[in-house]
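Please read the structure below before turning to the comments.
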Amino acid sequence: IPSSFIRHEYHPPMSRGRRRIVRALVILGSILAFLSVFAIWTERQALNTDDWVDTSGRLLENQTVRSTLSDYLVDQLYENVDVEKELSERLPGDTKDPAGPAAGGLRQVAGQGAEKVLETSTAQELWKQANRTAHEQLLAVLENKKEAVETEEGNVRLNLGDLLTNLAEEVGIGESLAEKLPPDAAQVEILKSDQLKTAQDIAVAIKGLALVLSILTFLCFALAIYLSRDERWVTVLLSGIGLVAAGFGVIVVRQIAGGIVVDQLVEDEGVKPAGEAAWSIGTS
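Add 1187 to a position in the sequence shown, counting from 1, and you land on the number used in our numbering.
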């Protein structure tokens, strides 16, 4: 065998220092892959309106979320409108007296029928539109657009007023209800003004982070494989194991974080099952 061929093909074993560098690069690449998953999810889910609207549609398809939302809308209806008075104005002559019991009965009917109403295409479109408007408002505030911040004073709300009106019409309270609902009826606060600065800082830090982390992950694995010489197959195997470990870590953190997030954001025990369902769908 020509000596030139032997010199070209043969590489001395990796030194202990080089082997440590290769292992460190594989570990670093695995950690970056783990972080990339969360960065990509946040950028696509939290900072992309179309993706969030799609997710909101899937939320309403969940029975637990739909049931909780229907209870909330019925509660808002009775808190903001004198339903008994509305019924008494519609009942003729001496039949006005049963308006009170009828209002209570109607609440039961509304509670039973609200979930069915939320299954209709009209209600689902109103829900998606409300989520689109709220998300666009959220992005405007996070991007520190002066007009949005001044108009909303840093507060972002999910306005379900149209959905509430649709529910009232479906259960037969009347089409004029929209004019009698106060402006703050069925509005869910998403971001408070005192949280604005922190939210803006997080948004700035996350923007573009998904791409940077993904590139760094690839570079770490590529460099580790390049430095491995004749042991590259081992490094490829270790890189694969690192990616599997990163994926498993994401699943574990998702489960742990879900419990913490829901406990922190949802105080009402009756609403927590819906919060857990929302977390599961939103991070799926």
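Heads up, the beta-carbon is just placed ideally off N, CA and C, and yes, glycines get one too.
### Message
According to DSSP, simplified to helix, strand and coil, what is Pro-1279?
### Response
Mapped onto the sequence shown, residue 1279 falls at position 92. The predicted position of Pro-1279 is uncertain, since its pLDDT is 48 and thus under 50; a value taken from the coordinates is nonetheless stated next. In the structure shown, Pro-1279 sits in coil (DSSP, three-state: anything other than H, G, I, E or B).
### Query
Is it a yes or a no for the segment 1340–1352 touching the segment 1321–1331, going by three-plus beta-carbon pairs under 8 Å?
yes
### Query
Do Leu-1430 and Ala-1226 have their C-beta atoms closer together than 8 Å?
Translated into the one-based positions of the sequence shown, residue 1430 becomes position 243. Translated into the one-based positions of the sequence shown, residue 1226 becomes position 39. No, the pair does not count as a contact, with Cβ atoms beyond the cut-off.
### Query
So, helix, strand or coil for Asn-1342, using DSSP?
Counted from its first residue, the sequence shown places residue 1342 at position 155. Assignment of Asn-1342 by DSSP, reduced to helix, strand and coil, places it in the coil class.
### Euclidean distance between Cα positions of Arg-1231 and Asp-1238
In the sequence shown, counting from the first residue as 1, residue 1231 sits at position 44. In the sequence shown, counting from the first residue as 1, residue 1238 sits at position 51. Their Cα atoms are separated by approximately 7 Å.
### Message
Quick check on the burial criterion: 16 or more other C-beta atoms within 10 angstroms. Buried or exposed for Leu-1424?
### Response
Within the sequence shown, numbered from 1, the residue matching residue 1424 stands at position 237. That one is exposed.
### Query
Between which two residues does the alpha helix (DSSP H) harbouring Glu-1266 extend?
Locating residue 1266 in the sequence shown gives position 79, counting from the first residue. That run of the alpha helix (DSSP H) goes 1250–1267.
### DSSP three-state assignment for Leu-1234, whether helix, strand or coil
As a position in the sequence shown, residue 1234 is number 47, starting the count at 1. Note: Leu-1234 maps to coil in three-state DSSP.
### Task
Just mark Ala-1444 as buried or exposed, buried being the case when its beta carbon has 16 or more other beta carbons within 10 Å.
Taking the first residue of the sequence shown as position 1, residue 1444 is located at position 257. Counting Cβ neighbours within 10 Å, Ala-1444 comes out exposed, since fewer than 16 surround it.
### Query
What residue does the alpha helix (DSSP H) around Val-1375 start on, and which one ends it?
Here residue 1375 corresponds to residue number 188 of the sequence shown, with the count starting at 1. Premise fails: Val-1375 lies in the beta strand (DSSP E), 1374–1378, not in any alpha helix (DSSP H).
### Message
Less than 8 Å between the beta carbons of Leu-1260 and Leu-1350, yes or no?
### Response
Within the sequence shown, numbered from 1, the residue matching residue 1260 stands at position 73. Within the sequence shown, numbered from 1, the residue matching residue 1350 stands at position 163. Closer than 8 Å, so yes.
### Message
Rounding to the nearest angstrom, what Cα-Cα distance links Thr-1309 and Asn-1353 in this structure?
### Response
Locating residue 1309 in the sequence shown gives position 122, counting from the first residue. Locating residue 1353 in the sequence shown gives position 166, counting from the first residue. A straight line joining the alpha-carbon of Thr-1309 with that of Asn-1353 spans about 8 Å.
### Query
Which of helix, strand or coil does DSSP assign to Glu-1330?
Taking the first residue of the sequence shown as position 1, residue 1330 is located at position 143. Assigned with DSSP and collapsed to three states, Glu-1330 falls in coil, not helix or strand.
### Task
Look up Thr-1307 in the DSSP assignment and say whether it is helix, strand or coil.
Translated into the one-based positions of the sequence shown, residue 1307 becomes position 120. Coil.
### Task
Compute the beta-carbon to beta-carbon distance between Ala-1433 and Ala-1220, rounded to the nearest angstrom, for a pair I have assumed lies under 8 Å.
The residue you call residue 1433 lines up with position 246 of the sequence shown. The residue you call residue 1220 lines up with position 33 of the sequence shown. Indeed, because the Cβ distance is near 4 Å, the residues count as touching under 8 Å.
### Residues near Val-1375 in its chain [Cβ-Cβ closer than 6 Å; skip 5 each side]
Here residue 1375 corresponds to residue number 188 of the sequence shown, with the count starting at 1. Around Val-1375: Leu-1345.
### Message
I'd like to check one pair, Gly-1216 with Thr-1422: are the Cβ atoms closer than 8 Å?
### Response
Here the question's residue 1422 lines up with position 235 in the sequence shown. Here the question's residue 1216 lines up with position 29 in the sequence shown. Result no, Cβ atoms of Thr-1422 and Gly-1216 do not sit closer than 8 Å.
#### Entry: Thr-1255 versus Val-1328: straight-line alpha-carbon distance, rounded
Sequence index remark: in the sequence shown, residue 1255 carries index 68 (1-based). Sequence index remark: in the sequence shown, residue 1328 carries index 141 (1-based). Cα-Cα distance, rounded: 28 Å.
### Task
Please report how far the alpha carbon of Arg-1206 lies from the alpha carbon of Ile-1412, in whole angstroms.
Taking the first residue of the sequence shown as 1, we reach residue 1206 at position 19. Taking the first residue of the sequence shown as 1, we reach residue 1412 at position 225. Each residue's Cα considered, the two are about 11 Å apart.
### Query
Under a three-way DSSP split, which group does Lys-1394 fall into?
On the sequence shown, residue 1394 is found 207 positions in, with the first residue counted as 1. It is coil, neither helix nor strand.
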